[in-house]
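Asker: Quick one: this structure, given as structure tokens, is what I'll be asking you about.
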Amino acid sequence: MSLIKATLLALTAATIFTFVYAAKLPNAQVPEQYVVQPNCLGCLCEASTNCNVTQGCHVPYAGAYFCGPFLISWAYWSDAGKPVITNDNPDRKGAFENCVNDLYCAAQTVRNYMANFSDDCDKDGQVTCTDVVLIHKLGYQACGSSLQGHFGTKFEECRSKLQL
Numbered sequence: 011m012s013l014i015k016a017t018l019l020a021l022t023a024a025t026i027f028t029f030v031y032a033a034k035l036p037n038a039q040v041p042e043q044y045v046v047q048p049n050c051l052g053c054l055c056e057a058s059t060n061c062n063v064t065q066g067c068h069v070p071y072a073g074a075y076f077c078g079p080f081l082i083s084w085a086y087w088s089d090a091g092k093p094v095i096t097n098d099n100p101d102r103k104g105a106f107e108n109c110v111n112d113l114y115c116a117a118q119t120v121r122n123y124m125a126n127f128s129d130d131c132d133k134d135g136q137v138t139c140t141d142v143v144l145i146h147k148l149g150y151q152a153c154g155s156s157l158q159g160h161f162g163t164k165f166e167e168c169r170s171k172l173q174l
């Protein structure tokens, strides 16, 4: 990928999430102890699916079900407080898929989850975007490991371009 194309992708993701970050969902109840920055959401989205809002849901292996541009599982969404799109019911069948396939609601899900589970995974003394991405990808109980493969490479490219 050319440097110009990679930079444009990172900037596009950052711009999208500047708008997403500013949006408030009516049932969003995020504690103020940790707030995921817009550029971090952008890099997380880029690393997950190239921020593909038409990603839909898929089963990559038995027992797994991930949806949307952030590849969010039902358990992650539930742990995030089951945010929903305006006028939806979190207990309605399909509410999970509707939320995490919607860029705004999916971003709110990530913010809610991190408000509950943010941690200093890399033990550098502060919670940073790298910690957020480790928690998102590996889970809060395994976030001490390092990012691997295509996801890790994509995140590092975006993170370094945006100096996160």
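Take any residue in the sequence shown, note its place counting from 1, add 10, and you have its number in the numbering used here.
Glycine included, C-beta positions come from ideal geometry on N, C-alpha and C.
1. In whole angstroms, give me the CA-to-CA distance for ASN60 and ARG102.
2. Just to confirm, is the Cβ distance from VAL143 to MET124 under 8 Å?
3. May I have the straight-line CA-CA distance separating VAL94 from GLN151, to the nearest angstrom?
4. Can you tell which of LYS92, CYS131, ASN126 has its C-alpha closest to the C-alpha of VAL110?
5. Between GLN47 and ALA74, what straight-line distance do the alpha-carbon atoms span, to the nearest angstrom?
6. Please state if the CB of PHE165 and the CB of VAL120 are separated by a distance shorter than 8 Å.
7. Give a yes or no on whether the C-beta atoms belonging to LEU51 and ALA117 are separated by under 8 Å.
8. Give the DSSP-derived three-state secondary structure of SER58 in the structure shown.
9. What are the boundary residues of the alpha helix (DSSP H) that ARG169 is part of?
10. Is the CB-CB distance between ILE145 and ASP129 below 8 Å?
11. Buried or exposed for SER178, please, with buried defined as at least 16 other CB atoms from any protein chain shown within 10 angstroms of its CB.
12. With a cut-off of 8 Å on the beta carbons, I'd call ALA90 and ASN122 a contact; round off their distance for me.
13. Which residue from THR138, LYS171, CYS53, THR64 puts its Cα closest to that of GLU1?
14. Exposed or buried, what is ASP134 when buried is set at 16 or more other beta-carbons lying within 10 Å of its beta-carbon?
15. LYS147 and PHE161: beta carbons closer than 8 Å?
Answerer: Taking the coordinates as given:
1. Stepping through the sequence shown from its first residue, residue 60 is reached at position 50. Stepping through the sequence shown from its first residue, residue 102 is reached at position 92. Using only the alpha carbons, I get a separation of about 29 Å.
2. The residue given as residue 143 occupies position 133 in the sequence shown. The residue given as residue 124 occupies position 114 in the sequence shown. For the 8 Å CB-CB criterion, VAL143 and MET124 do not form a contact.
3. Here residue 94 is taken as the residue at index 84 of the sequence shown, counted from 1. Here residue 151 is taken as the residue at index 141 of the sequence shown, counted from 1. The C-alpha of GLN151 is placed about 26 Å away from the C-alpha of VAL94.
4. Translated into positions along the sequence shown, residue 110 becomes position 100. Comparing Cα positions, the closest option is LYS92.
5. Here residue 47 refers to the residue found at position 37 when the sequence shown is read from its first residue. Here residue 74 refers to the residue found at position 64 when the sequence shown is read from its first residue. Straight-line Cα distance between these residues: approximately 28 Å.
6. Position 110 of the sequence shown, counted from the start, is the residue given in the question as residue 120. Position 155 of the sequence shown, counted from the start, is the residue given in the question as residue 165. No; because the gap between Cβ atoms is not below 8 Å, this pair is not in contact.
7. Along the sequence shown, read from residue 1 onward, the residue named residue 51 stands at position 41. Along the sequence shown, read from residue 1 onward, the residue named residue 117 stands at position 107. Yes, the pair counts as a contact, with Cβ atoms nearer than the cut-off.
8. Position 48 of the sequence shown, counting from 1, holds the residue named residue 58. When DSSP states are grouped into helix, strand and coil, SER58 belongs to the helix group.
9. In the sequence shown, the residue the question calls residue 169 occupies position 159. Run containing ARG169: 159–172, per the alpha helix (DSSP H) assignment.
10. As a position in the sequence shown, residue 145 is number 135, starting the count at 1. As a position in the sequence shown, residue 129 is number 119, starting the count at 1. Yes, the Cβ-Cβ distance between ILE145 and ASP129 is below 8 Å.
11. Since the first residue shown for the chain is 11 and the last is 174, residue 178 is missing from the structure and cannot be characterised.
12. In the sequence shown, counting from the first residue as 1, residue 90 sits at position 80. In the sequence shown, counting from the first residue as 1, residue 122 sits at position 112. Correct: roughly 4 Å between the Cβ atoms.
13. Because the chain spans 11 through 174 in this model, residue 1 falls outside it and cannot be assessed.
14. Position 124 of the sequence shown, counted from the first residue, corresponds to residue 134. Under this definition ASP134 is an exposed residue.
15. Along the sequence shown, read from residue 1 onward, the residue named residue 147 stands at position 137. Along the sequence shown, read from residue 1 onward, the residue named residue 161 stands at position 151. Against a cut-off of 8 Å, the Cβ pair of PHE161 and LYS147 comes out as a contact.
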